[in-house]
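Under the numbering used here, read the sequence shown as residues 479 to 1069, first letter to last.
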Amino acid sequence: MTKFAKNSRLFHNENIGYTFMTQIIKYTICIALLTIILLCPAGSMAQSIDSQFPKHEVRAVWLTTISGLDWPKKQVRSAADIEKQKRELTSILDNLKRANINTVLFQTRIRGSVVYPSAIEPWDICLTGTSGKNPGYDPLRFAVEECHKRGMEAHAWIVCIPVGKWNSPACKALRRKYPSMISRDKEEGYINPANTQAATYISGICTEIVKNYDVDGIQLDYIRYPETIKVKEPKAKARENITRIVRSVYADVKSIKPWVKISCSPIGKLKDLSRYSSRGWNAFNRGYQDVEGWMEEGIMDQVYPMMYFKGNNFHPFAIDWKERSNGRTIVGGLGTYQLAPSQANWDMAEVQRQLHTLRAIGAGHAHFRSRFLTDDTKGIYRYTSDAFNPYPALVPPMTWQCSETPVTPSHLNAETGDKCTSLTWSYDKNIREEQIKYNVYASAEWPVDTENPKNIISTGLDKPQITLPFGNDDRSMYYAVTAVDRYGNESEPCQSHEKTSDRKTTSISAPDITIADGVISTKKYMSKVLDAEYIVVESLEGNQLMTFPFKGQDISIAGINDGIYILRSLNRKGVSHRLGFILIDKQNIIH
């Protein structure tokens, strides 16, 4: 460690003089930023801090499977239930996609049990209601494939140390196989990190997943000693026991697929700060998690600290995580569940301020849990999709793992018909073929600015082609396509040099949506969509442009540019239904 890095640590944790002028400047900036965030209303921050939306930012959710808290609500009792369980998951993913979430942390190992056919551990009870029972399909494979269809990353969320109730089927099975590795804490069982088998065992689960599934990441959750036990070993030794597990997982996974991201979700405060105490609950001294050391050693790609706190228990510690990141990706874990009246009943403004803090310091954000976001608890879904994340974002690249820029695609061709625009392009098949995906951009300006997230229309495509329903020919769009490898490195864009056809679309498959005198009437939907709270006008790229309360009133289209749009209903839980397509041409209204 360099002299500066050593003193940088001391700067945060001991009351010493400010040795370096750079530390003084950094501290002053952090205090100024913190003051602005805490004192400014959330709305004004949206205008001052978020004048530009980032192109690269992790926007994640934890999708919990334990006890079916987020999914599945429907357990498999028959063949028909499999499809119901699948539809339930795809509905969740559709809602997350509409909020421009790009990373799904899918709980894969729960408590010594899993949601995929494993040679190591039994099926979890959440799928069928019976421990060890095969649901008749592979939920992890289905989840990964469905995430990728929507251009989202799928990370396998692994609960590492707890293995459930002492007499649960999963814990009893582990006790029989590894009697010395499993310890007891009252009525709970856990893998003892001090046992030499622990690292090999947990790594074995992670590598089984990586070998058999196209996951984008492995997240190590509860990678610490249980907080209810008294650790007899010295703290340094206890931390080394946990680090041994992390090091083993990182080395084994990277040896198979080096692009798979390794992340963890540590306790939300790393250490006490010089001016703010963690109040006895921090990752380094209480959880024995040397997360800063993991990032410095290079055995951690992303960190999702569980920052489910308010005010000064959140903002200074968020800045601290970012300062200690060593260039790795920090994703602040938001206590979105705390908005619920059944939980802490936080004000919506609290989470808004936290979102703005994380974006201002260049960190991502992750909602705990998925259901509290998609249920639109206190309006968090609408705020996320309409105001905070109105445009897509790409996951930051792992340049520390690989920084090679992919070859630029070539021969981009756009053909526009009456009902769609088809894009095709070419790519050198001899260069990292298995790792290449594609991003597509569109703009009325040439060349298409691929650094502007407003121009992103599709991400993570597996094939060099895409069909855009009903086209954008009336807007005379230009297109660009880039190649992106599994590390997140993006090529230079291949630009289309001609506008799409100037032909006017003469028909559209939504004849029941009528436009007269510059307004859309929604009265006919009052009996058709009973659970709707809002009517949403959405672009073909999935961006919500205008939202109106659903009361049967006419909707003015005066503020909408000419083009083709989707009309949707939206209820308070974030469930949306497509009502149809509309074409707006103010000189010659076509519907």
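Just so you know, even glycine gets a beta-carbon here, dropped at the ideal spot from N, CA and C. A quick note: this is a predicted structure, and the numbers were derived from the prediction, not measured.
Of the residues the options, the one placed nearest residue i, counting alpha carbons only
i            : options            : result
residue 882  : 954, 869, 970, 929 : 970
residue 866  : 891, 894, 827, 545 : 827
residue 892  : 842, 954, 773      : 954
residue 789  : 824, 549, 661      : 824
residue 596  : 939, 690, 835      : 690
residue 708  : 548, 775, 661      : 661
residue 766  : 711, 886, 939      : 711
residue 621  : 656, 819, 584, 600 : 584
residue 898  : 928, 944, 925, 886 : 944
residue 421  : 836, 850, 839, 873 : Because the chain is modelled from 479 through 1069, residue 421 falls outside the range shown and cannot be assessed.
residue 1027 : 547, 1048, 1044    : 1048
residue 922  : 716, 957, 793      : 957
residue 858  : 815, 871, 878      : 815
residue 924  : 975, 747, 1044     : 975
residue 787  : 600, 535, 759, 657 : 759
residue 578  : 732, 937, 973      : 937
residue 792  : 835, 946, 590      : 835
residue 548  : 737, 569, 939, 652 : 569
residue 702  : 687, 677, 895      : 677
residue 1042 : 1057, 961, 947     : 947
residue 737  : 914, 1046, 535     : 914
residue 580  : 1046, 934, 1025    : 934
Residue i - DSSP class collapsed to helix/strand/coil
i            : result
residue 534  : strand
residue 566  : helix
residue 777  : coil
residue 506  : For residue 506, the predicted structure reports a pLDDT of 48, less than 50, and the residue's modelled location is therefore unreliable. A value from the coordinates is still provided. Helix.
residue 749  : coil
residue 891  : strand
residue 702  : coil
residue 1057 : strand
residue 1014 : strand
residue 967  : coil
residue 922  : coil
residue 754  : coil
residue 540  : strand
residue 973  : strand
residue 959  : strand
residue 790  : helix
residue 913  : helix
residue 619  : helix
residue 765  : coil
residue 880  : coil
residue 954  : coil
residue 553  : coil
residue 759  : coil
residue 691  : coil
residue 1043 : strand
residue 525  : Because the pLDDT of residue 525 is 39, which lies under 50, any placement of that residue in the model is unreliable, and the question is left without a value.
residue 931  : helix
Cβ-Cβ distance between residue i and residue j below 8 Å
i            : j           : result
residue 693  : residue 741 : no
residue 625  : residue 634 : no
residue 609  : residue 681 : no
residue 575  : residue 563 : no
residue 800  : residue 841 : yes
residue 541  : residue 863 : no
residue 698  : residue 628 : no
residue 582  : residue 539 : yes
residue 869  : residue 932 : yes
residue 901  : residue 918 : yes
residue 754  : residue 879 : no
residue 1078 : residue 763 : Residue 1078 lies beyond the residue range present for the chain, which begins at 479 and ends at 1069; the question has no answer from this structure.
residue 532  : residue 871 : yes
residue 607  : residue 649 : no
Anticipated Cβ contact below 8 Å, residue i with residue j, distance rounded
i           : j           : result
residue 683 : residue 598 : 6 Å
residue 659 : residue 645 : That pair is no contact at about 17 Å.
residue 695 : residue 746 : Not a contact, Cβ separation roughly 20 Å.
residue 588 : residue 544 : 5 Å
residue 688 : residue 731 : 5 Å
residue 967 : residue 875 : 5 Å
At which residue ranges does the region 566 to 614 contain complete beta strand (DSSP E) runs of 3 or more residues, listed in the order of the chain? Secondary structure in the region 566 to 614: the beta strand (DSSP E) runs of 3 residues or longer, each lying completely within the stretch, are 581 to 587 in chain order.
In chain order, which beta strand (DSSP E) runs of at least 3 residues are fully inside the region 801 to 857? The region 801 to 857 contains these whole beta strand (DSSP E) runs: 807 to 812, 842 to 845.
Which runs of the alpha helix (DSSP H) fall wholly inside the region 628 to 671 and span at least 4 residues, in chain order? Runs of the alpha helix (DSSP H) spanning 4 or more residues and lying entirely within the region 628 to 671 occur at 647 to 655, in chain order.
Return the chain-ordered ranges of every beta strand (DSSP E) run that is complete within the region 718 to 746 and spans a minimum of 3 residues. If only complete runs of 3 or more residues are kept, the region 718 to 746 shows the beta strand (DSSP E) at 739 to 743, in order along the chain.
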